[in-house]
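If you use full-length UniProt numbering, the sequence shown corresponds to residues 1 to 207, in order. All C-beta atoms, glycine included, are put in the ideal place defined by N, C-alpha and C.
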Amino acid sequence: MESAQKPARVRILDAAHDLMLTVGLGRATTKEIAKAAGCSEAALYKYFESKEELFVRVLSERLPRLTPLLSGLTAEPGTGTLEGNLTRIARQAALFYEQSFPIAASLYAEAQLKRRHDDALRKIGAGPHLPIEALDAYLRAEQTAGRVRAGADTFAAASLLLGACAQRAFAYDATPDGERPPVDDFAARLARTLLGGISVAPDDARP
């Protein structure tokens, strides 16, 4: 079989992604993931220390890559237009949350499971707060570069943008047509609206 020719780590990630999507993170056990990957549970733990680490790797390697985009932009503030960069971020974030929400949603049905999961994420230095902190860091870098207004609350701006992207993943299922706003238009509108509150006004940019 083609899947058997893939490296074990790749098979495990593929199986974890499929199971987390179909049965939810809470019910996707390492035993079932290993079975679906065609390996032993002991073999799974050679590559991943816990199911939580496996979950984080699925998010970072199988879903739209948000963190590398934010890291790259933060390293080179002033590159491209601020509106263009925020549009890229919003688009990637919207797609990331759209694909990650069905995986993580089952956690919210069991408070005890959610607490255990959050504790495990803290131990490995992961969690859903990190993209907000990364976007905040990017906006602060642009603030230093003079493209974001000096008095702008960059953390609030990051929370607003990513919060809207996360909400898009589930808030529109009950609308008459049950369709999410198209991602490209959605991202562009978010970026333009956010810029109205944080960008440097033309008069402020004059020496």
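A straight line joining the alpha-carbon of Ser40 with that of Gly151 spans about 55 Å. Under the 8 Å Cβ criterion, the segment 116-128 does not count as touching the segment 140-154, having fewer than three qualifying pairs.
The straight-line gap separating the alpha-carbon atoms of Leu82 and Glu179 is approximately 29 Å.
Scanning Glu133, Ala191 and Ser71 for the CA closest to the CA of Ala164 turns up Ala191. Collapsing the DSSP output to three states places Val183 in a helix. C-alpha of Leu139 to C-alpha of Pro68: approximately 15 Å in a straight line. Counting only unbroken stretches of 4 or more residues, the alpha helix (DSSP H) elements lying wholly within the segment 143-200 are 154-168 and 183-198, in sequence order. Counting of Cβ neighbours within 10 angstroms places His17 among the buried residues, the total reaching 16 or more.
Here Pro131 is buried: its Cβ has 16 or more other Cβ atoms, across all protein chains shown, within 10 Å.
Annotated three-state conformation of Arg65 is coil, per DSSP. Look at Arg88 here: in three-state DSSP terms it is helix. Following the DSSP letters along the chain, one finds His117 inside the alpha helix (DSSP H) bounded by residues Ala111 to Lys123.
If you draw a 10 Å sphere on the C-beta of His129, you find fewer than 16 other C-beta atoms in it, and that means exposed. The alpha-carbon separation between Arg9 and Leu66 amounts to approximately 22 Å. Cβ neighbours of Ala145 within its own chain (closer than 7 Å, five residues either side excluded): Pro77 and Gly78. With at least 16 other beta carbons inside 10 angstroms of its own, Ser100 counts as buried. Here Glu110 has Gly26 as same chain residues with Cβ atoms under 8 Å from its own Cβ, once five neighbours each way along the sequence are excluded. Secondary structure at Ser106: helix, using DSSP grouped into helix, strand and coil.
Between Thr87 and the set Thr193, Ala188, Glu98 and Asp118, the nearest pair of CA atoms involves Ala188.
For Leu13, the enclosing alpha helix (DSSP H) has its first and last residue at Ala8 to Thr22.
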